[in-house]
Amino acid sequence: MDKENIIKHYCAKAERAVRRMSRKGIGDIYAISFWKDNVDDDPRRPVVTIGYNTVSHAEAQKQNTSNAMEAKWNYAYWMQDDTGTLGGNDTMLRLYFKDEGLFYTLHELNKAEKQEENGNPEGYRMIEEKDRRMQEAFMDIVIEVANRLHRNEMITRALGRDLPVIIHELEYYDQPVGWTAKANPTPLVAEFMEWYRSFAK
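All residue numbers for the sequence shown refer to our numbering, where the first residue is 1242 and numbers rise by one.
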């Protein structure tokens, strides 16, 4: 599976997800969420769930947070109204991992775990390295998808203006914040980055 093909496939899925937002008739969407997770905690099945938040919802959540910036940028207080996914139980992604020599079977995992229990950790270390590389490869694709949404002005066409794509997990720390920084023109994420720096000191 060629990387460019899977990027194009995910761009099309992301575009459909953004268009679903536009059909909801909501005029105050200010940010798009790419929530990164793994299906059933399986590193071979990384997934991004696409959603959004609105100014009115953030305003209503201020009473539940320490300040307005937290209500606006912390996903825990977002609407979490999902409009699409990338990855997960996706045949194209699995084929891509296989072609890159990263995929492994549950049999191979169980064998490596038993070897580790018997004092031979090398096989399990190889599995862990594959896990790391799969996550990294998937996020490289996701970041490129977000960049193309901006470059192709797809968000602008669907929602009337370009909006930041916040790539995140449930917790905020340097790695996912770095994903967001790479995925957006700097001015779009300036306020988000300011909020993150305010509590990451």
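C-beta atoms are modelled at their ideal positions from N, C-alpha and C, and glycine is treated no differently.
Given a cut-off of 7 Å on the beta-carbon distance, is the pair residue i and residue j in contact?
i, j, result
"residue 1328", "residue 1289", "yes"
"residue 1247", "residue 1318", "no"
"residue 1471", "residue 1263", "Absent from the structure is residue 1471, since the part of the chain shown begins at 1242 and ends at 1442."
"residue 1273", "residue 1404", "yes"
"residue 1258", "residue 1346", "no"
"residue 1312", "residue 1302", "yes"
"residue 1314", "residue 1420", "no"
"residue 1287", "residue 1376", "yes"
"residue 1256", "residue 1380", "no"
"residue 1243", "residue 1292", "no"
With respect to the alpha helix (DSSP H) encompassing residue i, which residues constitute its N-terminal and C-terminal limits?
i, result
"residue 1433", "1431-1441"
"residue 1418", "1415-1424"
"residue 1326", "Not the alpha helix (DSSP H): residue 1326 falls in the beta strand (DSSP E), residues 1325-1328."
"residue 1364", "1363-1392"
"residue 1359", "Run containing residue 1359: none; DSSP gives neither H nor E here."
"residue 1398", "1395-1400"
So what does residue i bridge to, in DSSP terms?
i, result
"residue 1334", "Residue 1334 pairs with nothing; no bridge assigned."
"residue 1293", "1273"
"residue 1406", "1273"
Secondary structure at residue i, three-state DSSP: helix, strand or coil?
i, result
"residue 1307", "coil"
"residue 1277", "strand"
"residue 1284", "coil"
"residue 1243", "coil"
"residue 1427", "helix"
"residue 1322", "coil"
"residue 1315", "coil"
"residue 1350", "helix"
"residue 1251", "helix"
"residue 1341", "coil"
"residue 1256", "helix"
Just to confirm the assignment, what range does the beta strand (DSSP E) spanning residue i have?
i, result
"residue 1268", "Per DSSP, residue 1268 belongs to no beta strand (DSSP E) and is neither H nor E."
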